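Asker: The numbering of the sequence shown is our numbering, which starts it at 1 and goes up by one.
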Amino acid sequence: MRRLLSIGLSGVALLCGAFVTLLRIRIALWVMPWNRIMTGAAGTFKVQSIRPAVDRLEWAVLAASRFVPRATCLTQALALHRLLSRCGYRSSVQIGVRLADGRFAAHAWVEHETKSLLSSAGEVLRYVRFFSWPPSQPDLP
Numbered sequence: 001m002r003r004l005l006s007i008g009l010s011g012v013a014l015l016c017g018a019f020v021t022l023l024r025i026r027i028a029l030w031v032m033p034w035n036r037i038m039t040g041a042a043g044t045f046k047v048q049s050i051r052p053a054v055d056r057l058e059w060a061v062l063a064a065s066r067f068v069p070r071a072t073c074l075t076q077a078l079a080l081h082r083l084l085s086r087c088g089y090r091s092s093v094q095i096g097v098r099l100a101d102g103r104f105a106a107h108a109w110v111e112h113e114t115k116s117l118l119s120s121a122g123e124v125l126r127y128v129r130f131f132s133w134p135p136s137q138p139d140l141p
């Protein structure tokens, strides 16, 4: 309880918003087909008037994910992408793959202004980019 009081009312609100978003994404990943989830992720949102910093949104997702069952890296990345979009930030979800000790591994993270969120740059370098959402648009002449 002391920890909640120390982050203030805006921190608690941010944490609650992240928790609800994570929970909704986690349930959607269990019951909906991927293309429907991604169509919903691309939706337009009314940009919030109070715009938390990117690092605060990342913190909220990481903290709230401890209380959502099976909040995998994909769940966290989709939730952070959605929260960033709601606050007017541009971001993309990246999914990378690798072969580690003969086993397939995959990892998801978010990129905002060329910075990796939810994962360190070193961790991201261990994966080969396989998929980006939203897909990057080619530069127009």
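Yeah, the Cβ is synthetic: ideal placement off N, Cα and C, and Gly gets one too.
Computed from a prediction, not measured in an experiment: that's the story for all the values here.
How would you call ARG103, buried or exposed, if buried means at least 16 neighbouring beta carbons within 10 angstroms?
Answerer: Exposed, by the Cβ-count rule.
Asker: Does the distance from the CB of GLU58 to the CB of LEU117 come in under 8 Å?
Answerer: Cβ distance < 8 Å, so GLU58 and LEU117 count as in contact.
Asker: Quick one: give me the first and last residue of the alpha helix (DSSP H) that ALA64 is part of.
Answerer: From DSSP, the alpha helix (DSSP H) with ALA64 extends over 54 to 64.
Asker: In whole angstroms, what is the alpha-carbon distance linking TYR89 and TRP109?
Answerer: Spanning the two alpha carbons is a distance of roughly 15 Å.
Asker: Identify which residue in ASN35, VAL93, SER85, MET32 has its Cα closest to the Cα of ALA53.
Answerer: It is SER85.
Asker: So, for TYR127: in the same chain, excluding its five sequence neighbours on each side, which residues have a beta-carbon less than 7 Å away from its beta-carbon?
Answerer: Cβ neighbours of TYR127 beyond the five flanking positions: GLY96, VAL97, ARG98, HIS107.
Asker: Would you decide whether SER91 is buried or exposed? Buried here means 16 or more other CB atoms lie within 10 Å of its CB.
Answerer: That one is buried.
Asker: Report the three-state DSSP secondary structure of ASP139 (helix, strand or coil).
Answerer: Unreliable positioning characterises ASP139 in this predicted model, as indicated by a pLDDT of 47, which lies under 50. A coordinate reading is not provided.
Asker: Work out the CA separation of ARG129 and ALA18 for me, nearest whole Å.
Answerer: Roughly 26 Å between the two C-alpha positions.
Asker: From this set, ALA28, ASP101, VAL20, GLU123, which residue's C-alpha is nearest ALA64's C-alpha?
Answerer: Checked all of ALA28, ASP101, VAL20, GLU123; the closest Cα to ALA64 is VAL20.
Asker: Identify whether ARG26 lies in helix, strand or coil by the three-state DSSP scheme.
Answerer: Note: ARG26 maps to helix in three-state DSSP.
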